[in-house]
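Trainee:
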Amino acid sequence: MRALIADDDRVTTAILSATLANWGIEAAVAHDGAQAWEMLQAGDAPALVIVDWMMPGIDGIELCQRIRRAPSLAPTYVMLLTGRSSRVDLVAGLDAGADDYMVKPIDPEELRARVQVGVRVATLQRRLAEQVVALASARDHLARLASTDALTELYSRRGWFELAASEFSRSRRYSRPVSLLLIDLDYFKRVNDTFGHDAGDRLLQTFGALLRVECRQSDVVGRIGGEEFAILLPETTIHAAQRLAERICVASRALKVATAAGEITCTTSVGISAIGADDFTIDDVMRRADAALYEAKRGGRDQWRRSLGIADVVEQLPETPVGYRRA
């Protein structure tokens, strides 16, 4: 336990320091309020502060108020010393933020009892702070577990959809481009049937690592099904998304996983879509990407297809004959 004594009376600080040392408390001394405040701000603040009311510069009342305004000093137990004994002064000292109030001249037995109370409270505050940190760490750990796919260490389905919905809202609010890739490993069931599920898991892990290499740090990459992956691409047009889809298809063809039963190779089918003005949720974008993924599979797999938005459909309409108007 460490304490800070702030008093401009050197005889008082000497007596208090010696008394606290006898009780196993290491005490630092400040002879005015400004010096005490500098010591408190220096980091690793003491658990107990004994401060005189009347000091040059920053007095005890102002020092108490500053301590209570500083979040890092919230657990500090403050005892105010003064020669004032009226009820008004007592209330003023406690209102300023003091936890306890002791009238001079100091009675050693009373000081011992009050310091013991301060030590107990400070100890409880420290333990509570430690428990809060531990609980926050456990909460963050559980949140990471809930949002992370254990096999690939990409985002889980739940984590991916939460981030995708947030990015969708940001895109709609600020009219920023966002694209989406849905990826499926071709004939993955054959891998499990031929090489076993452990080999299939290794393929999924290897493919997850491939996606981390190919994607940017800002991209939201997740495993949303058995062998199905999704990538949300903020600030990305559908044309840029096509280039990424092509890179993933090429890299997948080069992917190999060695097993005791032979070498596993892999190809992928990719569906691409982008957020449009008529989309109300991320599910609307997902449906178009899923339809494009189906077209890629129906077209022979090992390729990508993009969904057609309204602008794409208009571009593909035939030229209008002279004398006619488009409906």
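Okay, so the sequence shown: first residue is 263 according to this note's numbering, each after it adds one. We put the beta carbon where it would ideally sit given N, CA and C, even for glycine. Nothing here was measured: the structure is a model prediction, and the numbers come from that model.
For Lys559, does the three-state DSSP call read helix, strand or coil?
Mentor: Correct three-state label for Lys559: helix.
Trainee: Would you kindly work out how many angstroms separate the C-alpha atoms of Asp357 and Asp402, rounded to a whole number?
Mentor: When rounded, the distance between both Cα atoms is 37 Å.
Trainee: Are there 16 or more other CB atoms within 10 angstroms of the CB of Thr543, so buried, or fewer, so exposed?
Mentor: Looking at its Cβ environment, which holds fewer than 16 other Cβ atoms inside 10 Å, Thr543 is exposed.
Trainee: List the DSSP bridge partners of Phe491.
Mentor: According to DSSP, which records beta bridges pairwise, Phe491 is partnered with Ile445, Arg485.
Trainee: Assign Gly380 to one of two classes, buried (16 or more other C-beta atoms within 10 Å of its C-beta) or exposed (fewer than that).
Mentor: Buried, because 16 or more other Cβ atoms sit within 10 Å of the Cβ of Gly380.
Trainee: If you draw a straight line from the C-alpha of Asp446 to the C-alpha of Val395, how long is it?
Mentor: If I take the Cα positions, the gap works out to 41 Å.
Trainee: Taking contact to mean 3 or more Cβ pairs, one atom from each stretch, closer than 8 Å, check whether the segment 329-339 and the segment 406-426 are in contact.
Mentor: The segment 329-339 vs the segment 406-426: no contact.
Trainee: In terms of DSSP beta bridges, what is Leu292 paired with?
Mentor: Note on identity: in this sequence residue 292 is Ala, with Leu being the wrong assignment. Its beta-bridge partners are Ala268.
Trainee: Spatial neighbours of Arg515 within its chain, please: C-beta separation below 8 Å, excluding the five flanking residues on both sides.
Mentor: Here the set comprises Thr527, Cys528, Thr529, Asp564.
Trainee: With 16 as the cutoff for other CB atoms within 10 Å, does Ser437 come out buried or exposed?
Mentor: Burial call: exposed.
Trainee: Please list the segments of the beta strand (DSSP E) lying wholly inside the segment 307-362, counting only runs of 3 or more residues, in order along the chain.
Mentor: Counting only runs of 3 or more, we get 310-314, 339-344.
Trainee: The beta strand (DSSP E) spanning Ala536 covers which residue range?
Mentor: 530-536 is the extent of the beta strand (DSSP E) around Ala536.
Trainee: I'd like the span of the alpha helix (DSSP H) that includes Ser285, first residue to last.
Mentor: Residue identity differs from the one stated: residue 285 is Trp in this sequence, not Ser. Neither: Trp285 is in no alpha helix (DSSP H) and is coded neither H nor E.
Trainee: Would the segment 549-567 and the segment 416-432 be scored as touching if the rule is three or more Cβ pairs under 8 Å?
Mentor: Touching, no.
Trainee: Determine the extent of the alpha helix (DSSP H) in which Lys451 is found, giving its start and end residues.
Mentor: Start and end: 450-457.
Trainee: How many Å lie between Gly538 and Ile500 at the Cα?
Mentor: Taking the straight line joining both Cα atoms gives about 11 Å.
Trainee: Since Trp566 contacts Cys511 with CB under 8 Å, what's their CB separation in whole angstroms?
Mentor: That pair is a contact at about 6 Å.
Trainee: For Leu282, I'd like the list of residues in its chain whose CB is within less than 6 Å of its CB, leaving aside the five on either flank, ordered along the chain.
Mentor: The answer, listed in chain order, is Ala265, Ala289.
Trainee: Taking the beta carbon of Thr414 as the centre, do at least 16 other beta carbons fall within 10 Å, making it buried, or is it exposed?
Mentor: Burial call: buried.
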